[in-house]
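Undergrad:
Numbering (our numbering), first residue to last: 43 to 776.
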């Protein structure tokens, strides 16, 4: 194609200059033909858009990935379990074995050998750094991360064998056998440590629900593993909340080796994040007592919510609201209902009387005689304390005093005509109501008339308007005509949820099931008729008082347990109300705890896609720590998160001192590799080089060049045509 374009350009140029006026010399005509040929060729290349393809082939020699365990379990003895002066550690045995099994020149050659370390993550070992600098400091071992990291490295290199030096005890991440098998690269595992069962007792598991409720008992299941004991020996297992002992059990060990399950009942007495500690007594002469303890944290929520109802006057709606909330088992309910004038039947409400408030219900409130002090109190609850609110109007609602609540509600109101004239209006659901939790219907009632078939509510000629960020779930429908007037509106803003009806007379829904022909009772005893009012109030209560399942802000350390001086990394995720990642948030964390009472600030940096990170490289001293993280943008708080973590009380790396040769053997067998000990690892390199899989790999790289999309081509065409025009003008050929 390119030859054809070039030939056509030359022929066209020669034909153009077969005769010139005036006549010119052959040399000048040849120059003009050349300029036009080149210009036309460049122009035709741009028009026909040709692409030049280039293919290169690269042969990559096979290499070995040597992965060294850098966790704290490498400080344990290679033989036996009790450290003693002169005892060789697993780390020392590993380094000696590597030097013996793999020649030094091969280790230094990064094309033949790539070095990695594995701890809480797998990292490349720094170039030109001697392997003797390994310090075995990581507080966790994620062996599965080895195969993710090597898999990424294989995209640009030909790693065809993995040499893994480890004791096989993974304390973080998933079981490594399956990721190893999926990668398909032979694993040559060198087991470090003693595989025999030591005389030891260890708490291997402490399991309970991460979230609990005050006063609600929940099980705490503890598993202990023991070995090298005499049948009939006894140990005591204790459970603590913070420093207070909750219970203990004495267990008889009936076999030389085995597992025992112990269960306690834990009943939280107060809300907050609680530290649970399980401890088993020490056996005489056991290998280590550092695995006799386990810690977990439980977030305890209060089991009762305090709902406060403010009403402008007694009414049927108020009576039915009182009945629902007062009979609900999870609520503490109180009311403040106005008499004639400014007084309340229950006495004047004050902030001290109210105590902790979880939900505010306004029924026909405020009215003309409502005291300014009470309106200010409600405004404080809704605006300053961000309490959720359910609003239901009445015929006597005072619009001037209602306006004083400002943006504390999802709607604003204005009078239109005589505001006390009543109309009847049904609900017309909007598309936004689909799957909304406030309007959920039990499965057995779906397909019936549902919300739009309920008795119409009363409305005055007050015009309500939904505020920004609000979601209109239903509009008014009067005599079959849908109006642009919100009837049910919800809003979530600044961490608070708000729900408002603009009609009243909800008491009618108590007498109406979801099908008017079933008005008072259902003939189906298995599925009794649904009380529409109770269903609406139950859905509203749940939505208003329950935290969102999908947290917009999540901030936490990467682990719950660290050793003193170990690097601590905080990870954050921030989303908007549509759960889309936010990139420009200001994310901060305040850490407090022993031994320093001063809070430590930490600023998280954006890592892209709504993720934020920060680290404390030097770690923290031993102790319990609490943290509170906050995300904000443009001075507006998006959300927060909190929790606890521990430094130094528990070392998961020392929880199982024996070598897990079963894990190492399984990885080797399922990937076509072999299992070794430091004593037999001298054969390791010979076995790798003899493997049929350890072969060079050919990589083919293809590159396409779009000649037409190139500025030099355009520049050549302009230069040639411009020069031709200049010469023709000088020769008088224009």
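Glycine residues also receive a C-beta, built at the ideal position from the N, C-alpha and C atoms.
Which parts of the region 276-304 are runs of the beta strand (DSSP E), unbroken and 3 residues or longer, counting only runs that do not cross its ends?
TA: 286-295
Undergrad: If you draw a straight line from the alpha carbon of residue 285 to that of residue 682, how long is it in whole angstroms?
TA: Here the question's residue 285 lines up with position 243 in the chain shown. Here the question's residue 682 lines up with position 640 in the chain shown. Spanning the two alpha carbons is a distance of roughly 28 Å.
Undergrad: Can you list the beta strand (DSSP E) stretches of 3 or more residues lying completely in the region 132-167, in chain order?
TA: 155-160, 164-166
Undergrad: How many Å lie between residue 699 and residue 194 at the Cα?
TA: Counted from its first residue, the chain shown places residue 699 at position 657. Counted from its first residue, the chain shown places residue 194 at position 152. Answer to the nearest angstrom: the Cα atoms are 32 Å apart.
Undergrad: By the three-class DSSP mapping on this structure, what secondary structure does residue 332 have?
TA: Here residue 332 corresponds to residue number 290 of the chain shown, with the count starting at 1. Coil, per DSSP.
Undergrad: Check the DSSP bridge columns for residue 653 and list the partner residues they point to.
TA: Translated into positions along the chain shown, residue 653 becomes position 611. DSSP output for residue 653 lists 615, 650 as bridge partner(s).
Undergrad: Mind the definition here: the region 659-677 touches the region 182-198 only if three or more C-beta pairs lie below 8 Å; say whether that holds.
TA: no
Undergrad: Rounding to the nearest angstrom, what Cα-Cα distance links residue 344 and residue 261 in this structure?
TA: Along the chain shown, one-based indexing puts residue 344 at 302. Along the chain shown, one-based indexing puts residue 261 at 219. Rounded to the nearest angstrom, the two C-alpha atoms are 18 Å apart.
Undergrad: Given that a residue counts as buried once 16 or more other Cβ atoms are within 10 Å of its Cβ, and exposed if not, what is residue 586?
TA: Here residue 586 refers to the residue found at position 544 when the chain shown is read from its first residue. With 16 or more Cβ atoms within 10 Å of its Cβ, residue 586 is classed as buried.
Undergrad: Could you give the C-beta distance for residue 273 and residue 296, rounded to a whole number, given that I count them as a contact under 8 Å?
TA: Residue 273 sits at position 231 when you count from the first residue of the chain shown. Residue 296 sits at position 254 when you count from the first residue of the chain shown. Indeed, because the Cβ distance is near 6 Å, the residues count as touching under 8 Å.
Undergrad: Under the three-state reduction of DSSP, which class applies to residue 665: helix, strand or coil?
TA: Here residue 665 refers to the residue found at position 623 when the chain shown is read from its first residue. Taken through DSSP and simplified to helix, strand or coil, residue 665 comes out as strand.
Undergrad: By Cβ distance below 7 Å, which residues in the same chain neighbour residue 755 in space, the five residues on each side in sequence not counted?
TA: Taking the chain shown and counting its residues from 1, one reaches residue 755 at position 713. If the five residues before and after residue 755 are omitted, its C-beta is found closer than 7 Å to the C-beta atoms of 84, 87, 88, 749, all from its own chain and listed in chain order.
Undergrad: Am I right that residue 444 and residue 408 are in contact with their C-beta atoms under 8 Å? What's the rounded C-beta distance?
TA: As a first step, residue 444 must be located in the chain shown, where it is residue number 402. As a first step, residue 408 must be located in the chain shown, where it is residue number 366. With a Cβ gap of about 6 Å, residue 444 and residue 408 count as contacting.
Undergrad: From residue 441 to residue 529, what distance separates their C-alpha atoms?
TA: Position 399 of the chain shown holds residue 441. Position 487 of the chain shown holds residue 529. Distance between the alpha carbons of residue 441 and residue 529 is about 17 Å.
Undergrad: Return the bridge partner residues of residue 532 from the DSSP annotation.
TA: Position 490 of the chain shown, counted from the start, is the residue given in the question as residue 532. DSSP lists 513, 541 as partners of residue 532.
Undergrad: Look up residue 501 in the DSSP assignment and give the residues it is bridged to.
TA: Your numbering for residue 501 matches position 459 in the chain shown. According to DSSP, residue 501 shares a beta bridge with 465.
Undergrad: My assumption, with CB atoms under 8 Å, is that residue 623 sits in contact with residue 612. Please give the rounded CB distance.
TA: Reading the chain shown from its first residue, position 581 is the one you call residue 623. Reading the chain shown from its first residue, position 570 is the one you call residue 612. Actually they do not touch by this definition, with Cβ atoms about 17 Å apart.
Undergrad: Taking contact to mean 3 or more Cβ pairs, one atom from each stretch, closer than 8 Å, check whether the region 99-118 and the region 149-159 are in contact.
TA: yes
Undergrad: Considering residue 758, what are the terminal residues of the beta strand (DSSP E) in which it resides?
TA: In the chain shown, counting from the first residue as 1, residue 758 sits at position 716. Here residue 758 belongs to no beta strand (DSSP E); instead the alpha helix (DSSP H) covers 753-772.
Undergrad: Quick check on residue 634: buried or exposed, where buried means 16 or more other Cβ atoms within 10 Å of its Cβ?
TA: Counting from 1 along the chain shown, the entry for residue 634 is found at position 592. Per the 10 Å Cβ criterion, exposed.
Undergrad: Figure out for me which residue from 373, 200, 161 has the closest Cα to the Cα of residue 181.
TA: What you label residue 181 is simply residue 139 of the chain shown in a count that begins at 1. The option with the nearest alpha carbon to residue 181 is 161.
Undergrad: Measuring CA to CA, which of 136, 59, 62, 55 is closest to residue 722?
TA: Here residue 722 corresponds to residue number 680 of the chain shown, with the count starting at 1. If we check each option's Cα against that of residue 722, 136 comes out closest.
Undergrad: Can you tell me the Cβ-Cβ gap for residue 249 and residue 263, rounded? I've got them flagged as a contact below 8 Å.
TA: As a first step, residue 249 must be located in the chain shown, where it is residue number 207. As a first step, residue 263 must be located in the chain shown, where it is residue number 221. Rounded, the Cβ-Cβ distance is 5 Å, consistent with contact.
Undergrad: Within its chain, find whatever has a CB closer than 6 Å to the CB of residue 302; leave out the 5 residues flanking it on each side and keep chain order.
TA: Translated into positions along the chain shown, residue 302 becomes position 260. Result list for residue 302: 266, 293, in chain order.
Undergrad: Can you name the residues that DSSP bridges to residue 263?
TA: Here residue 263 is taken as the residue at index 221 of the chain shown, counted from 1. In the DSSP output, where bridge partners are listed per residue, residue 263 has 249, 305.
Undergrad: Pick from 595, 629, 631, 390: whose alpha carbon is nearest that of residue 618?
TA: Along the chain shown, one-based indexing puts residue 618 at 576. It is 595.
Undergrad: If contacts are defined as beta-carbon pairs under 8 Å, then residue 667 and residue 687 qualify, I think. What distance do you get, rounded to the angstrom?
TA: Taking the first residue of the chain shown as 1, we reach residue 667 at position 625. Taking the first residue of the chain shown as 1, we reach residue 687 at position 645. So it is a contact: roughly 6 Å between Cβ atoms.
Undergrad: Given that a residue counts as buried once 16 or more other Cβ atoms are within 10 Å of its Cβ, and exposed if not, what is residue 217?
TA: Residue 217 sits at position 175 when you count from the first residue of the chain shown. Residue 217 comes out exposed.
Undergrad: Starting from residue 599, trace the alpha helix (DSSP H) both ways and give me its first and last residue.
TA: In the chain shown, the residue the question calls residue 599 occupies position 557. From DSSP, residue 599 is part of no alpha helix (DSSP H) but of the beta strand (DSSP E) over 595-599.
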